[in-house]
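Enquirer: First residue of the sequence shown? That's 254 in the working numbering, and the numbers climb one at a time after it.
Using N, Cα and C, we set each Cβ at its ideal position, and we do this for glycine too.
There's a structure below that I have some questions on.
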Amino acid sequence: MSDKPICDQNEAILVLEDGQVYVGEPYGAEGRTTGEIVFATGMTGYQETLTDPSYDRQIVVQTFPHIGDTGVNGEDPESARIWVAGYVVRDPCPNVSIWRAEGSLDDDLKQQNIGGISGIDTRKLVRHLRSAGVMRAGVFSGAALLDDKGDVRDLDEFLAEVKATAQMQGLSLYEEVSTKQAYTIEPCGEFEGKEPLYTVAAVDLGIKAMTPHRMAERGCRVHVVPSSITFEQLQELNPDGVFFSNGPGDPEQAGPEVELLRKVLDAGYPFFGICFGNQLLGRALGFGTYKLKFGHRGINQPVKDMTTGKIEITAHNHGFAVDAPIGETVDAPFENGKYGKVFVSHIDLNDDVVEGLQCVDIPAFSVQYHPEAAAGPHDAAYLFDRFVELMKNSKEGK
């Protein structure tokens, strides 16, 4: 080990579990943070990214170099707090220049005690993560850099802290981010003040605020409920349809939610799932899930709708995927085809990853990406119309 310190006391370091070190400047709160390091490719929408509960316990690298110029405001967050464990940017904007801003991103990170690093070569970092795969990492600055004597600690000590961090595969996190109390979103827009057309029970596994809003825009009353809800409690809401949201963690560790979903399918409720909800539908149908090498995160991911041939540019945030056959309709594996036929309805055009499932014999479908589009393109908004149509047909006995 060299006697030369790896950084200056006023700097910040990013340490990857494979030993790579990046030295930059502190951004946001000073201190120590560890987690799985991932990268997001969106050029806009950083406030929605930071407040997406699916990023729980993850250090997010922005591939777009210039971050912070639009500041932060009270309208764009997808939840009540920032969920990322840490934030990595190349060139933070020193000035906020938009009329909607109510503060700076740097100040918001500090207020919520989110540590980060800036001024590093994020292009080099992302190229490394694409080839080596996402891994555990840590950001250290301020007092977290120093030992008892006030000197910068050895790299071995930082590495030990990084490697002591739990790996994402095997983690159950949906209960950590789920709402503790149920709440209701009433119909809005042209349906505001009117009786709801449909009632949706939305199980919060890390839900983004825009998702129930998209349903409310279509005349739905949405009961957002905790992940701990029982099937009997869900039935008491008398829903016309059931929704499972996005969320963080390993879908293999969500056994109770898979069992809840099977009861929903058994009862014949129309079902729609997004992201984590798609993975849970896959597992409920008997398919496996697996961890992607570096995942899909950003608002510029191309997906093909296999039912229409349409190509959509979509918003993603997932590190796990469903393992199901593409290009054929098969019997759902669970209990010798109990749930009938199913096919892969959407695929990612970059790597052929499964991006959606469509059941043929029961009213259930799901997508891996985020049609609520916050932030992001609106190409996939029609999926909420599909869900409404599914509830309509079920109500009419079709």
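How many Å lie between Y522 and E448 at the Cα?
Expert: The alpha-carbon atoms of Y522 and E448 are separated by roughly 21 Å.
Enquirer: Taking R656 as the reference, give the member of L408, A633, V511 with the closest Cα.
Expert: With the chain running from 254 to 651 in the structure shown, residue 656 is simply not present.
Enquirer: Is the stretch 400 to 412 in contact with the stretch 462 to 469, if contact means three or more CB pairs nearer than 8 Å?
Expert: The stretch 400 to 412, when compared against the stretch 462 to 469, does not touch it at the 8 Å Cβ threshold.
Enquirer: Measuring alpha carbon to alpha carbon, tell me which residue in G372, A333, A507 is nearest Y427.
Expert: The shortest C-alpha separation from Y427 is found at A507.
Enquirer: Looking only at its chain, what residues have a beta carbon closer than 7 Å to the beta carbon of N553, apart from the 5 residues adjacent to it on each side?
Expert: T294, G295, I566.
Enquirer: Under DSSP, the alpha helix (DSSP H) around H466 begins and ends at which residues?
Expert: Its alpha helix (DSSP H) spans residues 463 to 469.
Enquirer: Which residue marks the beginning of the alpha helix (DSSP H) containing D360, and which one marks its end?
Expert: Its alpha helix (DSSP H) spans residues 358 to 364.
Enquirer: May I ask you to report which of helix, strand or coil DSSP gives M388?
Expert: Strand, per DSSP.
Enquirer: Quick check: is the beta carbon of L518 nearer than 8 Å to any beta carbon in chain D?
Expert: Going by chain labels, chain D is absent from the structure shown, which holds only one protein chain.
Enquirer: By how many angstroms is the C-alpha of S498 removed from the C-alpha of G530?
Expert: Spanning the two alpha carbons is a distance of roughly 5 Å.
Enquirer: Within 10 angstroms of the Cβ of P624, are there 16 or more other Cβ atoms? Answer buried if so, exposed if not.
Expert: Buried, by the Cβ-count rule.
Enquirer: Specify, as a first and last residue, the run of the beta strand (DSSP E) that G295 falls within.
Expert: Premise fails: G295 is in no beta strand (DSSP E) and is neither H nor E.
Enquirer: What are the start and end residues of the beta strand (DSSP E) that includes Y451?
Expert: Start and end: 451 to 456.
Enquirer: On the criterion of 16 or more Cβ atoms from any shown chain inside 10 Å, does L267 qualify as buried, or is it exposed?
Expert: Result: buried.
Enquirer: Less than 6 Å between C-beta atoms, sequence neighbours within five positions excluded: which residues of the same chain meet that for V349?
Expert: Same-chain partners within the cutoff: G324, S357.
Enquirer: Write down the C-beta distance between V456 and F496 rounded to the nearest angstrom, noting that I regard them as a contact closer than 8 Å.
Expert: That belief holds up - the Cβ atoms of V456 and F496 are roughly 7 Å apart, short of 8 Å.
Enquirer: Going by beta-carbon coordinates alone, are G372 and G277 separated by less than 8 Å?
Expert: It is a contact, given that the beta carbons lie within the stated cut-off.
Enquirer: Considering just the uninterrupted stretch of the alpha helix (DSSP H) at P509, what are its terminal residues?
Expert: Start and end: 508 to 520.
Enquirer: Let me confirm a value: G403 is counted as buried when at least 16 other C-beta atoms fall within 10 Å, else exposed. Which label applies?
Expert: Exposed: under 16 other Cβ atoms inside 10 Å.
Enquirer: Give the straight-line distance between the Cα atoms of E642 and K651, rounded to the nearest whole angstrom.
Expert: So the two alpha carbons sit approximately 11 Å from each other.
Enquirer: Under 8 Å between the Cβ atoms of H381 and D344?
Expert: Not in contact: H381 and D344 (Cβ atoms no closer than 8 Å).
Enquirer: Three Cβ pairs or more, each shorter than 8 Å: is that satisfied between the stretch 362 to 378 and the stretch 256 to 275?
Expert: Contact holds: three or more Cβ-Cβ distances are below 8 Å.
Enquirer: Here's the rule: buried if 16 or more other CB atoms are within 10 angstroms of the residue's CB, otherwise exposed. What is G502?
Expert: With 16 or more Cβ atoms within 10 Å of its Cβ, G502 is classed as buried.
Enquirer: With a 10 Å radius around its C-beta and 16 neighbouring C-beta atoms as the bar for buried, classify A577 as buried or exposed.
Expert: With 16 or more other Cβ atoms within 10 Å, it is buried.
Enquirer: Check for me: the beta strand (DSSP E) holding E642 runs from which residue to which?
Expert: Taken as a continuous stretch (DSSP letters only), E642 belongs to no beta strand (DSSP E), being part of the alpha helix (DSSP H) at 635 to 648.
Enquirer: Give the single residue among P479, W352, I482, K544 whose Cα lies nearest to the Cα of G423.
Expert: Taking only the C-alpha atoms, the option nearest G423 is K544.
Enquirer: S480 to G500, Cα distance in whole Å?
Expert: Those two C-alpha atoms are separated by around 11 Å.
Enquirer: Checking 8 Å against the spacing of the C-beta atoms, do A385 and D309 come in under that value?
Expert: Against a cut-off of 8 Å, the Cβ pair of D309 and A385 comes out as no contact.
Enquirer: Mapping the DSSP letters down to three states, classify A617 as helix, strand or coil.
Expert: Strand.
Enquirer: Hey, would you say T437 sits closer than 8 Å to R474, going by beta carbons?
Expert: Cβ distance < 8 Å, so T437 and R474 count as in contact.
Enquirer: Using CA atoms only, rank isn't needed, just tell me which of G321, L514, G298, D374 is closest to A626.
Expert: Comparing Cα positions, the closest option is G298.
Enquirer: Report the residue from N570, H476, E588, E283 whose alpha carbon sits nearest the alpha carbon of Q365.
Expert: For Q365, the nearest C-alpha among the options comes from E283.
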